[in-house]
Every structure is written in C-alpha cells, then in structure tokens.
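In our numbering, the protein residues as written are 134 to 313.
Beta carbons are placed, not taken as given, at the ideal position from N, Cα and C, and that holds for glycine.
Bear in mind the structure is a predicted one, so any value in this text is a computation, not a measurement.
Structure first, then comments.
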C-alpha cells in the first residue's frame, strides 16, 4: 500500500533544455583548464517526495555533440584514443540514491557509464524549488551538480600521461525542471 501511495504522489519533472548545461573540465599540461559540454542530452527526473529525497534520475548525453569551442579538438576527442564515439556513442548515468543532507543540499549516488565502463560515483547537488514568477501555478526546480571522476577509471585517454591531461575530470551540470 505504501508503494502505491508513493507512486500516486510522485511527480515527473520536465527538463527545460534552454536552462540546462552539462559540462566538464580537465587540466591540460598542468597549466590550463579546458572546459567543454555536450549539446545533446536528456534528463529524466521522477520525484516521490516534496523535499526531493529519493528522486530517480536518468541522464544520457550524445558523445558526438561534444563542444569545447574548438572544432579540431572536438573531432579528435571523438576518436578512439579519447571517447571512442563510434563504439560508445552515449554517456549515461542512473541514480541509486538522492539524499537530502541539508537545506538545498543533496548527495547523489549512481552508476556512470562512460567509454564502455560502469563506475559508481558520488556527486554533490545544490537545489532550489520555487513558484515560477512569470507563470502562476507552475513550480520550477533548479539543480547544480558537481563532482569529480578519474579518467583512468574509465580507460579514457590511457596513452596520455597526467602531465598532459589531469587524471581528475570535473563535472558541472546545471538543470532547470518544471513539474508536470
């Protein structure tokens, strides 16, 4: 009975792609941070509770939509020595837990599938839920997700030493959702 009640209260939230971005950063040659993003991605968000605890999140990104503001680099990144885009055209994430740890702060855990490798990752989330100021009766939620993964865990660019590319890759995503 409790599961049915939870499902009845659960809300599906729709991603507002005009107010969303999925990005990453990696240090190049120990001196500069190269940042990029994926132009084509989707996020499914199902929320069973008003405080968002227990939310279920599914994310997919099209590797071929990578954008680092340098076309030559983007083309290279799609090749086998980096993303293996032909073999692994998507990056996916599926949450295992979404726990409220403080006001507007959450801990997100889930499986990241990247470059054909699945690893469990922990991410930090800051969130806010408000009534839309220009659309009465509409609730919107915004989240900033941050974290770090090691490229070596995903066999990403294994022929590049850490002096050329840091092993640490920063993840930064911002997303806005509207309640259905």
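Item                                                                                                                                                                                  : Value
At the level of alpha carbons, what is the spacing between residue 191 and residue 231?                                                                                               : 12 Å
Determine the extent of the beta strand (DSSP E) in which residue 244 is found, giving its start and end residues.                                                                    : 238-247
Would you call residue 261 buried or exposed, if buried means 16 or more other Cβ atoms sit within 10 Å of its Cβ?                                                                    : exposed
For residue 164, does the three-state DSSP call read helix, strand or coil?                                                                                                           : coil
Here's the rule I'm using: 16 or more other beta-carbon atoms within 10 Å means buried, otherwise exposed. How should residue 159 be labelled?                                        : buried
Between the Cα of residue 102 and those of 306, 304, 236 and 297, spot the shortest distance and give me the residue it belongs to.                                                   : Because the chain is modelled from 134 through 313, residue 102 falls outside the range shown and cannot be assessed.
Tell me the DSSP secondary structure of residue 137 in three-state form.                                                                                                              : Note that residue 137 scores a pLDDT of 37, beneath 50, so its modelled location is shaky and nothing firm can be said.
Verify whether the separation of the beta carbon atoms of residue 278 and residue 254 is less than 8 Å.                                                                               : no
Check whether the segment 280-288 touches the segment 238-252, counting contact only when three or more Cβ pairs, one atom from each stretch, lie closer than 8 Å.                    : yes
Label residue 178 either buried or exposed according to how many other C-beta atoms from any shown protein chain fall within 10 Å of its C-beta, with 16 as the threshold for buried. : buried
State the Cα-Cα distance for the pair residue 165 and residue 295, rounded to the nearest angstrom.                                                                                   : 13 Å
Where does residue 149 sit, in a helix, a strand or coil, going by DSSP?                                                                                                              : coil
Identify whether residue 201 lies in helix, strand or coil by the three-state DSSP scheme.                                                                                            : coil
Using the three-state DSSP reduction, which class does residue 285 fall into: helix, strand or coil?                                                                                  : helix
Give the DSSP-derived three-state secondary structure of residue 255 in the structure shown.                                                                                          : strand
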